[in-house]
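S.K.: Protein chains in written order, with the working numbering: chain P, 8 to 119; chain G, 36 to 146. Note that beta-carbon positions come from the ideal geometry of N, C-alpha and C, so glycine has one too. Bear in mind the structure is a predicted one, so any value in this text is a computation, not a measurement. Here's a structure for you.
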Amino acid sequence: QKEVEQDPGPLSVPEGAIVSLNCTYSNSAFQYFMWYRQYSRKGPELLMYTYSSGNKEDGRFTAQVDKSSKYISLFIRDSQPSDSATYLCAMRGNNAGNMLTFGGGTRLMVKP
Amino acid sequence: EPEVTQTPSHQVTQMGQEVILRCVPISNHLYFYWYRQILGQKVEFLVSFYNNEISEKSEIFDDQFSVERPDGSNFTLKIRSTKLEDSAMYFCASSDRVGAFFGQGTRLTVV
Chain P
8 QKEVEQDPGP
18 LSVPEGAIVS
28 LNCTYSNSAF
38 QYFMWYRQYS
48 RKGPELLMYT
58 YSSGNKEDGR
68 FTAQVDKSSK
78 YISLFIRDSQ
88 PSDSATYLCA
98 MRGNNAGNML
108 TFGGGTRLMV
118 KP
Chain G
36 EPEVTQTPSH
46 QVTQMGQEVI
56 LRCVPISNHL
66 YFYWYRQILG
76 QKVEFLVSFY
86 NNEISEKSEI
96 FDDQFSVERP
106 DGSNFTLKIR
116 STKLEDSAMY
126 FCASSDRVGA
136 FFGQGTRLTV
146 V
C-alpha cells in the first residue's frame with residue numbers, strides 16, 4: 008500500500024462549482040497535513056495546513072482532516088479557471104523538521 | 036512576500052559531470068530541504084538540514100549527493116557524477132515551524 012494515495016484525475020468542473028479533493032494515508036504518525044497547488048513546471052505553493060483532526064477555512068478553501076479514517080480533503084468553493092492546477096496533499100510527523108510525504112497530485116481543470 | 040529562490044532555473048549537463056544547484060531559503064527559517072520531481076511523478080524527499088547538519092535523508096540521497104550551507108544564506112545541493120536518471124526538477128524548500136515553502140525549482144537535464 009502506498010503511504011499517501013491521491014486520485015490523479017483529471018477532474019474537470021464548470022466555473023463556480025464546488026470542488027472536493029481527497030487523500031488517504033496509511034501512516035498513523037502523520038500529524039500535520041498540507042495542501043499545495045502546483046502549476047506546470049513550477050514549485051508547489053502552500054495553500055493550507057492543518058494539525059491533527061478538524062477543519063480549517065481560508066477564503067474559498069476548506070481543509071478537513073479525519074485521522075480516525077486516515078482521510079483528508081480540500082474543498083474549493085466558487086471555483087475559478089485560475090484554480091486549474093495540480094493539487095498535492097502532503098503530510099509529516101510531529102517534528103518541525105520532518106520530511107513531507109506527498110501524494111501524487113490531482114489535476115483540476117475549471118472550465119469557464 | 037519572502038520567497039525561496041533557486042538558481043539556475045535550467046541546467047543541462049553531460050553524464051558524469053558534477054552539478055551544484057543553489058538555493059536562498061527564507062531568511063528566518065531554520066529547516067531546509069531538497070526534494071525532486073521526475074516528470075509526471077510524485078515529489079520525492081531527498082534530504083533535510085537543520086542546525087548545520089543533515090537531519091534526515093532518503094534512500095535516493097546516496098554518496099553522489101551532498102548538501103552545504105556555506106555562508107549562512109545559501110543552501111546548495113551537489114551531485115558529484117550525474118547519471119541520466121538524475122534528470123528531474125529539483126526543489127529547495129525552507130520551513131519555520133509548520134509550513135514548508137518551495138522554490139520554483141531547477142530543471143536538471145542530464146544528457
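Excluding the 5 residues preceding and the 5 following PRO119(P) in the sequence, name in chain order all residues of the same chain whose CB lies nearer than 6 Å to its CB.
M.R.: Closer than 6 Å at the Cβ level, and outside the excluded window around PRO119(P), lie GLU22, PRO88.
S.K.: Fully enclosed by the segment 72–104 of chain P, which beta strand (DSSP E) runs are 3 residues long or longer?
M.R.: Fully enclosed beta strand (DSSP E) runs of 3 or longer: 78–83, 92–99.
S.K.: Sorted by chain position, which residues of the same chain lie with C-beta nearer than 8 Å to VAL54(G)'s C-beta, five sequence neighbours on each side aside?
M.R.: Once the five neighbours on either side are set aside, the close Cβ partners of VAL54(G) are GLN46, THR48, LYS113, ILE114, THR117, LEU143.
S.K.: Could one say the Cβ of ASN34(P) lies closer than 9 Å to chain G's Cβ atoms, at least one of them?
M.R.: Not closer than 9 Å to any Cβ of chain G, the Cβ of ASN34(P) fails to qualify, so no.
S.K.: Give the straight-line distance between the Cα atoms of PHE68(P) and SER60(P), rounded to the nearest whole angstrom.
M.R.: If I take the Cα positions, the gap works out to 17 Å.
S.K.: So, with DSSP's three-state summary, where would you put LEU119(G)?
M.R.: LEU119(G) falls in the helix class under three-state DSSP.
S.K.: Using the DSSP secondary-structure output, state which residues sit across from ALA70(P) in a beta bridge.
M.R.: The partner list for ALA70(P) (beta bridge, DSSP) reads LYS63(P), LEU81(P).
S.K.: Counting only Cβ pairs nearer than 7 Å, list the residues of chain P close to GLY138(G).
M.R.: Ordered by position in chain P, the residues that pass the 7 Å Cβ test against GLY138(G) are GLY50.
S.K.: Just checking my contact of THR111(G) with TYR125(G) at CB under 8 Å: how many whole Å lie between their CB atoms?
M.R.: So it is not a contact: roughly 11 Å between Cβ atoms.
S.K.: Where does ASN29(P) sit, in a helix, a strand or coil, going by DSSP?
M.R.: Strand.
S.K.: In terms of alpha-carbon separation, which member of VAL78(G), VAL102(G), LYS77(G), PHE80(G) lies closest to ILE89(G)?
M.R.: When only C-alpha atoms are compared, the closest one is VAL102(G).
S.K.: So, do the segment 93–107 of chain G and the segment 73–90 of chain P have three or more beta carbon pairs nearer to each other than 8 Å?
M.R.: No, they do not touch.
S.K.: For the segment 105–122 of chain G, which residues have a beta carbon sitting closer than 7 Å to at least one beta carbon of chain P?
M.R.: Those residues of the segment 105–122 of chain G that come within reach of chain P (Cβ to Cβ, closer than 7 Å) do not exist; the list is empty.
S.K.: When the cut-off is 9 Å and only beta carbons count, does GLN46(G) lie next to chain P?
M.R.: False, the Cβ-Cβ gap to chain P never drops below 9 Å.
S.K.: With a CB to CB cut of under 7 Å and the five nearest residues on each side skipped, what residues in its chain are close to TYR70(G)?
M.R.: Once the five neighbours on either side are set aside, the close Cβ partners of TYR70(G) are VAL78, GLU79, PHE80, LEU81, PHE126, ALA128.
S.K.: Give me the chain G residues within the contact set of ALA103(P), using Cβ-Cβ distance strictly less than 9 Å, ordered along the chain.
M.R.: Per Cβ cutoff of 9 Å: LEU65, TYR66, TYR85, SER130, ASP131, ARG132, VAL133.
S.K.: Hey, quick one: how far does the beta strand (DSSP E) through PHE67(G) stretch, first residue to last?
M.R.: Residues 66–72.
S.K.: Which residue or residues does DSSP assign as beta-bridge partners of PRO15(P)?
M.R.: DSSP lists no partner for PRO15(P).
S.K.: Could you tell me whether the Cβ atoms of TYR39(P) and LEU54(P) are closer together than 9 Å?
M.R.: No, the pair does not count as a contact, with Cβ atoms beyond the cut-off.
S.K.: Does DSSP put SER90(G) in a helix, a strand or coil?
M.R.: Strand.
S.K.: When you compare only the Cα positions, how much space is there between GLY100(P) and PHE37(P)?
M.R.: C-alpha separation (whole angstroms): 4 Å.
S.K.: Check the DSSP bridge columns for THR132(G) and list the partner residues they point to.
M.R.: Note that residue 132(G) is Arg in the sequence shown, not Thr. Beta-bridge pairing links ARG132(G) to no other residue.
S.K.: Please classify ASP65(P) as buried or exposed, where buried requires at least 16 other C-beta atoms within 10 Å of its C-beta.
M.R.: Exposed, since its Cβ has fewer than 16 Cβ neighbours within 10 Å.
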